[in-house]
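Be aware that the sequence shown starts at 1, since it is given in UniProt numbering, and climbs by one per residue.
Single-structure report; data block below.
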Amino acid sequence: MAESAPRRCCLGWDFSTQQVKVVAVDAEMNVFYEESVHFDRDLPEFGTRGGVHVHKDGLTVTSPVLMWVQALDIILEKMKASGFDFSQVLALSGAGQQHGSIYWQAGAQQALKSLSPDLPLHQQLQACFSINDCPVWMDSSTTAQCRQLEAAVGGAQALSCLTGSRAYERFTGNQIAKIYQQNPKAYSHTERISLVSSFAASLFLGSYSPIDYSDGSGMNLLHIQDKVWSQACLGSCAPHLEEKLGPPVPSCSVVGAISSFYVQRYGFPPGCKVVAFTGDNPASLAGMRLEEGDIAVSLGTSDTLFLWLQEPMPALEGHIFCNPVDPQHYMALLCFKNGSLMREKIRDEFASCSWSEFSKALQSTEMGNGGNLGFYFDVMEITPEIIGRHRFNTEKRKVSAFPGDMEVRALIEGQFMAKRIHAEGLGYRVMSKTKILATGGASHNRDILQVLADVFGAPVYVIDTANSACLGSAYRAFHGLAGGTDVPFSEVVKLAPNPRLAATPSPGASQVYEALLPQFAKLEQRILSQTRGPPE
Ligand SMILES: Nc1ncnc2c1ncn2[C@@H]1O[C@H](COP(=O)(O)OP(=O)(O)O)[C@@H](O)[C@H]1O
Ligand SMILES: O=C(CO)[C@@H](O)[C@H](O)COP(=O)(O)O
């Protein structure tokens, strides 16, 4: 894929759930290089499925830290083998799956600072971590710590007003609290705690990178308006936490120059700048150049929906993060855990393991599925907290199965109706000028995008790469290079190609879904009240 002619560029990285990816973007904002390493496929010795290990309790979910380090070694070697000209890289930035945490052992900073260019990173960093299996965003084992944190700050809404979210199991503060409570020795041996994003930045810097405001908002620890760690939250989670986290920084900060390891081993220029890494969803917001009024829908391992916000409106559902490209503003995010992996399961069960059969099922069934509705949550969902598969026929009676094609449509329509209902719960309204920007692996599928356009009654646009987090990271690297907060992000990326129209609502779609959406919302409430049991 690489081009031989030298091209000044920025690199954008993404350390996501299932893979590490990189894109190179030139000064005219064209993507001219893409590469990836897939954890399950390319690093089978770690035995992950979907990039993670689900533990016996069904709640604890971790990924091996050395798998991420080795993936970086492999992708850099692939780039080198393809003739990629590292000497042209002006700056780099990156993204990471949100909320995951990495525990650097005492002495690790020294190891990072003295990397030898003769050995790959994973051979040199083996002894650097006090926890080898890092909790990731799919973990839901910290309910007790969530309740403790909420109680410590005066309740769920108070925590949300402070940090942008009520306590969520996957949020890093609660994960750190669990590690401190269950493994105090490992906690006390930890000199630094990184997010996946700041961990990846640290690998490039050869020293600890700070956490940026935007990804830092996914920890239940950052005061999102004052942009400092909340002492009340830190104190409730674990001792000496402030020094282990280091001070947070604006997302567009240049955090240093690339480590000499990369200069000597790969030929990066010594002045290549590292711009703070951020969360994959904030990076996608940058990659899609989201504007106020647009909705972004990311269909990756998780499904997420996010919006640009002027003012934070913290609530009991959803999250408010600091905006990654404009420090005065915010973004709202909803996360749905049963995204691509759930779609893959239904594809394998009802569409012969083939995306083209899956598409045929969508094409051969009608909008609204004849009133047959489904909820598919093989793992405990985040939005809303429901587990299991729940199907309802036209009369809204519970049934145990649908015919195969109907099952596929019920899944996709259900996933998008839930997104619309919960986005409206945050105050969002679909308007005549609404644009939906879709990204993530499943945005390659035109038939899935058609259902998205129909359910929302709005056109769906895509950008040329489904890797919007990588693209946004490269754009953010240009932004940092140009001066960060002093320069509007939109000015830096004005040459970037515009999103392309991928689907428009079918005639009659709005009548079908205006009728179905309230029925779907009612069924969701019914399942919730049945699964939650009587109030205590
Ligand atoms: N044609 C397709 N139709 C639907 N889903 C697809 C298609 N191609 C890839 N995917 C989905 O994309 C997912 C990976 O998306 P991606 O955004 O790369 O994930 P992540 O960034 O979380 O690692 C896969 O798990 C797969 O289910
Ligand atoms: O938990 C969240 C957002 O709050 C997830 O969206 C993670 O950030 C994982 O991202 P993907 O790997 O699915 O893109």
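Beta carbons are placed, not taken as given, at the ideal position from N, Cα and C, and that holds for glycine.
| Check | Outcome |
| --- | --- |
| Collapsed DSSP secondary structure at Glu536 in the structure displayed | Note that Glu536 scores 37 on pLDDT, short of 50, meaning its location in the model is unreliable; the coordinates nonetheless yield the value given after this. DSSP places Glu536 in coil when its eight states are reduced to three. |
| Segment limits, beta strand (DSSP E) that includes Arg391 | 388 to 392 |
| Given 8 angstroms, three or more beta-carbon pairs between the stretch 113 to 127 and the stretch 34 to 44 | no |
| Proximity below 7 angstroms, CB of Ile75 to CB of Val20 | yes |
| Segments of 3+ residues assigned as beta strand (DSSP E) that fall wholly inside the UniProt domain "Carbohydrate kinase FGGY N-terminal" (133 to 287) | 133 to 135, 190 to 195, 254 to 257, 273 to 275 |
| Nearest-angstrom Cα separation, counted from Arg166 out to Pro314 | 9 angstroms |
| Pick from Met331, Pro269, Val249, Val274 that is closest to Arg289, judged by C-alpha positions | Met331 |
| heavy atom of ligand 1 below 6 angstroms from Ser340 C-beta | yes |
| Residues near Ala2 in its chain [Cβ-Cβ closer than 6 angstroms; skip 5 each side] | Residue placement at Ala2 cannot be trusted, given a pLDDT of 48 that sits under 50; the coordinates are not used to answer. |
| Distance between Val460 and Leu501 (C-alpha atoms, nearest Å) | 6 angstroms |
| As assigned by DSSP and simplified to three states, the class of Gly96 | strand |
| 7 angstroms Cβ cutoff met for Ala296 and Leu452 | no |
| Closer than 6 angstroms: Gly300 CB and nearest ligand 1 heavy atom | yes |
| Any non-hydrogen atom of ligand 1 within 6 angstroms of Thr172 CB | no |
| DSSP-derived helix/strand/coil call for Val492 | helix |
| Own chain residues within Cβ distance below 7 angstroms of Ala144, not counting five before or after | none |
| Own chain residues within Cβ distance below 8 angstroms of Ser432, not counting five before or after | none |
| Which of helix, strand or coil DSSP assigns to Glu3 | A caution first: Glu3 carries a pLDDT of 48, below 50, which makes its placement in the model too unreliable to give a value. |
| Beta strand (DSSP E) segments (min. 3 residues) lying fully within the stretch 274 to 361 | 295 to 299, 303 to 309, 319 to 322, 330 to 336 |
| DSSP three-state assignment for Glu524, whether helix, strand or coil | helix |
| Check: Cys9 C-beta below 6 angstroms from any heavy atom of ligand 2 | no |
| Any non-hydrogen atom of ligand 1 closer than 6 angstroms to Glu344 Cβ | yes |
| Near ligand 1: His444 beta-carbon under 6 angstroms from a heavy atom | yes |
| Three-state secondary structure (DSSP) of Val69 | helix |
| Segment contact flag, the stretch 204 to 219 with the stretch 318 to 325, C-beta cutoff 8 angstroms, min 3 pairs | yes |
| Alpha helix (DSSP H) segment containing Cys128, residue limits | Segment: none, Cys128 is in no alpha helix (DSSP H) and carries neither H nor E. |
| Heavy atom of ligand 1 within 6 angstroms of Gln98 beta-carbon | no |
| Touching by the beta-carbon criterion (3+ pairs, under 8 angstroms), the stretch 141 to 157 and the stretch 119 to 132 | no |
| Ligand 1 heavy atom lying under 6 angstroms from the CB of Gly441 | yes |
| Heavy atom of ligand 2 within 6 angstroms of Thr304 beta-carbon | yes |
| Coil, strand or helix - Lys21 by DSSP | strand |
| Between the CA atoms of Gln123 and Cys233 - distance to the nearest angstrom | 36 angstroms |
| Pairwise C-alpha distance: Asp73 and Thr504 | 42 angstroms |
| Arg49, DSSP secondary structure in three states | strand |
| Pairwise C-alpha distance: Lys396 and Leu471 | 43 angstroms |
| Within 7 angstroms, strictly: CB atoms of Ser230 and Ile211 | no |
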